[in-house]
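The block underneath contains the structure these notes are about, expressed in structure tokens.
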Amino acid sequence: MIMNAQPLLFTPISLRGVTVRNRVVVSPMCQYLSVDGGPTDWHLVHLGRFAMGGAGIVFSEDSVVAADGRTTHRCAGMYDDRLIPQYRRITDFIKALGAVPAVQIGHTGRSASTRGPLDGFALLTENDAAQGFAPWPPVSVSAEPPRASGPNPRVLDHDDIRDLVQAFAEAAKRAAEAGYEICEIHGGHGYLIHQFLSEGSNRRDDGYGGDLAGRMRFALEVVEAVRAAWPDDKPLFFRVSAVEGKGGSWGMRDSLQLGRELLARGVDVIDCSSGGIGGSSTLDAVPRVPGFQTSYARRIRQALGCTTMAVGGIRDGHQAERILAEGSADLIAVATETMLDPNWAVRAARALGVDDYYSLLPRHHAFRVKRRDDQFKAYPPGSAVAIPYEIDQSEPYRWGD
Ligand SMILES: Cc1cc2nc3c(=O)[nH]c(=O)nc-3n(C[C@H](O)[C@H](O)[C@H](O)COP(=O)(O)O)c2cc1C
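Pasting the structure below:
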């Protein structure tokens, strides 16, 4: 068990001009509850509670750069200026609570035009159209659909690719205007950028396919355009599927090559995930054990000497602290556990022995929690407590009794 007065997990980190109070990152989590691409009260509460719960960085979900880049009608977007004030409400709130608002931008490519996860991402049909949720034609790097029964995506030509690169840049500009401090490009999980990267989906022979350099071209053009549009003093992250897993074609050697090119173009953090091509984006390609992707973050960090983010199966503060202490990553992203406990960061700080873990809470909560800790100091959790007297409710309580 690691107990430091200043655990690594609660040591601030500076990335370009942005200083983050600790290394706890709430990973992007699609909610499938946006309306016309925009966030609602749901998102304010969903994201706001992580900022209230002490996280250093709070990521908004994958927000797509073009309307046809949504997976479902209810996916989040960053493709229209009208969305800027809607996100601004969320970023203001997160900042007021001491956390750093971050956003992931992406494009689903051939995985578009489905229902949500509770319906197994079933393809939209004419029945859905009758309810106002019409299917639309997906686009991708090549004509192969992600699943045998799906429609063939329309193959992007060079004009489309140029427009999409521009759309990524425009989305990054909107994100900055909306108050986001960190932007992450979603390059993994079987979505459009990954569809270009992987031999499993990229069948092109026109300079955007073939060898690794060709398959990386779209990703790198996007990075260059986003880096130019995104303010210099704000960090840029890139999420990669470091390996595709069983039966996949993209592996660690490719990720290291890609990583080198990303760093040369001003990416600040490589966010190391896995999986995606060959079916559902949540395909269980890498066996799900605690910390199942941490070794990818370590390999990339050590080989490239860069800043990495570990994600996947990270459950508690001690596990997170070990990942940092062994030099596997600089940031710890947590998704599922934060749904169970939005105060994950505060609890981790307490478990790791941070004396002033109260300071991660909103002031009015901190005051009460500290008072309770002081009152109960003599009673560690689990101790048997004899109630000193029965309170007689029939008599008014008098001070000094
Ligand atoms: C509800 C939910 C939605 C997710 N949406 C996204 C997303 O928008 N973008 C992304 O890159 N990953 C997404 N993920 C993956 C997580 O960011 C994270 O990488 C993954 O869940 C592993 O972390 P965990 O074991 O802490 O859950 C999502 C995960 C969950 C549980």
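Just so we're aligned: 396 in UniProt numbering is position 396 of the sequence shown, and the numbers increase by one with no gaps anywhere.
All residues carry an ideal CB built from backbone N, CA and C; glycine is no exception.
Check: Between which two residues does the beta strand (DSSP E) holding A102 run?; Outcome: 100-106
Check: Exposed or buried, which one is N22 when buried takes at least 16 other CB atoms within 10 Å?; Outcome: buried
Check: Here's a check: name, in chain order, each residue in its chain whose Cβ is nearer than 7 Å to the Cβ of T282, leaving out the five neighbours to either side.; Outcome: Only weak support is given to the placement of T282: the predicted model assigns it a pLDDT of 48, under 50, and the question is left unresolved by the model.
Check: Between W250 and D62, what straight-line distance do the alpha-carbon atoms span, to the nearest angstrom?; Outcome: 22 Å
Check: List the DSSP bridge partners of S249.; Outcome: Partner(s): none; S249 has no beta bridge.
Check: So G275 and A285 are in contact, right, with Cβ under 8 Å, and what is the actual spacing, rounded?; Outcome: 4 Å
Check: Take the Cβ of K234 as the centre, count every other Cβ of all protein chains shown within 10 Å, and call the residue buried at 16 or more, exposed below.; Outcome: buried
Check: Spatial neighbours of A351 within its chain, please: CB distance less than 6 Å, with the 5 preceding and 5 following residues excluded, ordered by chain position.; Outcome: G317
Check: At a cut-off of 7 Å, is A171 close to ligand 1 when judged by its beta-carbon and the heavy atoms of the ligand?; Outcome: no
Check: Inspect the beta-carbon positions of S198 and E144 and report whether they are closer than 8 Å.; Outcome: no
Check: Leaving out five residues on either side along the sequence, give the residues of the same chain with a beta carbon under 6 Å from the beta carbon of S280.; Outcome: Residue confidence for S280 is low, a pLDDT of 47 falling below 50, so the modelled location carries little weight; the figure read from the coordinates is stated next. None.
Check: What does DSSP give as the partner residues of C272 in its beta bridges?; Outcome: V240, A310
Check: Using a 10 Å radius around the Cβ and a threshold of 16 neighbouring Cβ atoms, would you call H43 buried or exposed?; Outcome: buried
Check: Q302: buried (16+ other C-beta within 10 angstroms of its C-beta) or exposed?; Outcome: exposed
Check: Are the region 65-74 and the region 111-127 touching, with three or more C-beta to C-beta distances below 8 Å?; Outcome: yes
Check: For E181, count the other beta carbons within 10 Å of its own beta carbon; 16 or more makes it buried, fewer makes it exposed. Which is it?; Outcome: buried
Check: Along the chain, where does the alpha helix (DSSP H) containing I323 start, and where does it finish?; Outcome: 317-325
Check: Inspect the beta-carbon positions of F168 and A225 and report whether they are closer than 8 Å.; Outcome: yes
Check: From A297 to K246, what distance separates their C-alpha atoms?; Outcome: 19 Å
Check: Which residue from F238, V18, A329, R322 puts its Cα closest to that of R260?; Outcome: F238
Check: Run the proximity test for R239: is its beta-carbon closer than 7 Å to any non-hydrogen atom belonging to ligand 2?; Outcome: With respect to ligand 2, the structure offers nothing, as its ligand set consists of ligand 1.
Check: Could you say if the region 349-367 and the region 44-58 meet the contact criterion of at least three C-beta pairs nearer than 8 Å?; Outcome: yes
Check: CA-CA distance, R89 and S60?; Outcome: 13 Å
Check: S34 by DSSP, collapsed to three states: which one?; Outcome: coil
Check: If you follow the beta strand (DSSP E) that R185 is in, where does it begin and where does it stop?; Outcome: Per the sequence presented here, residue 185 reads as Ile, with Arg not at that position. Here the beta strand (DSSP E) through I185 covers 182-187.
Check: Could you tell me which residues DSSP pairs with R154 in its beta bridges?; Outcome: V139
Check: Helix or strand or just coil, what does DSSP make of Y336?; Outcome: According to the sequence shown, residue 336 is Thr rather than Tyr. Looking at T336 - three-state DSSP - the assignment turns out to be helix.
Check: According to DSSP, is L256 part of a helix, a strand, or is it coil?; Outcome: helix
Check: Would you please state the rounded distance, in angstroms, between the beta carbons of Y87 and P39? I believe it to be under 8 Å.; Outcome: 6 Å
Check: Buried or exposed: which applies to residue 409, given that a residue is buried once 16 or more other Cβ atoms fall within 10 Å of its Cβ?; Outcome: Since the first residue shown for the chain is 1 and the last is 401, residue 409 is missing from the structure and cannot be characterised.
Check: If you draw a straight line from the C-alpha of L33 to the C-alpha of H46, how long is it?; Outcome: 11 Å
Check: How many angstroms separate the CA atom of R174 from the CA atom of A99?; Outcome: 20 Å
Check: Decide if E326 is buried, meaning its Cβ has at least 16 other Cβ atoms within 10 Å, or exposed.; Outcome: exposed
Check: If contacts are defined as beta-carbon pairs under 8 Å, then V223 and L262 qualify, I think. What distance do you get, rounded to the angstrom?; Outcome: 6 Å
Check: Residue range of the beta strand (DSSP E) that residue 407 falls in?; Outcome: Given that the chain is displayed from residue 1 to residue 401, the structure contains no residue 407 and the question cannot be resolved.
Check: Taking only the alpha-carbon atoms, compute the straight-line gap between W136 and D36 and give it to the nearest angstrom.; Outcome: 15 Å
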